[in-house]
């Protein structure tokens with residue numbers, strides 16, 4: 007496995023993926039901790055997400071990252087493609103999926119996140135990337 011000098015993984019696959027969990031007219035977002043060295047977008051709100059490992063299906067990675075970061079298990083058949091856009095300064099692509107649930111599930115956050123919440127279009131927290139904001143609006147308009 008390739009690693010950076012500080013021990014972080016350096017995959018050759020430049021893809022990232024996550025799942026936007028939608029419950030009625032709200033979506034689950036998690037806030038990335040700001041005190042973790044070398045984390046992407048510290049203190050920003052996002053869906054649970056992360057790197058697609060080499061030889062891993064993009065959708066599988068999104069479901070895996072959701073489980074790792076929130077302890078929420080998703081049924082693969084209920085996870086649908088939402089959008090894709092350039093990420094990390096055009097060095098990669100972010101693939102966002104959506105999964106609708108009937109009742110809000112309280113996540114158990116991993117060490118990468120400090121807060122979570124279910125948000126409507128009118129409650130989108132900041133800071134958040136323009137792309138993620140657009141995905142929230144897209145998901146809630148579906």
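Residue numbers (my numbering): 7 to 148.
Beta carbons are placed, not taken as given, at the ideal position from N, Cα and C, and that holds for glycine.
Going by DSSP, residue 69 is part of no beta strand (DSSP E) but of the alpha helix (DSSP H) stretching over 64 to 76. Of all C-beta pairs linking the region 129 to 144 to the region 44 to 55, three or more are shorter than 8 Å, placing the two stretches in contact. Counting of Cβ neighbours within 10 angstroms places residue 113 among the buried residues, the total reaching 16 or more.
Around the beta carbon of residue 100, 16 or more other beta carbons sit within 10 angstroms, so the residue counts as buried. In the three-state scheme derived from DSSP, where H, G and I count as helix and E and B as strand, residue 95 is classed as coil.
The DSSP assignment places 32 to 38, 55 to 57 as complete runs of the beta strand (DSSP E) inside the region 26 to 62, in order along the chain (cut-off: 3 residues).
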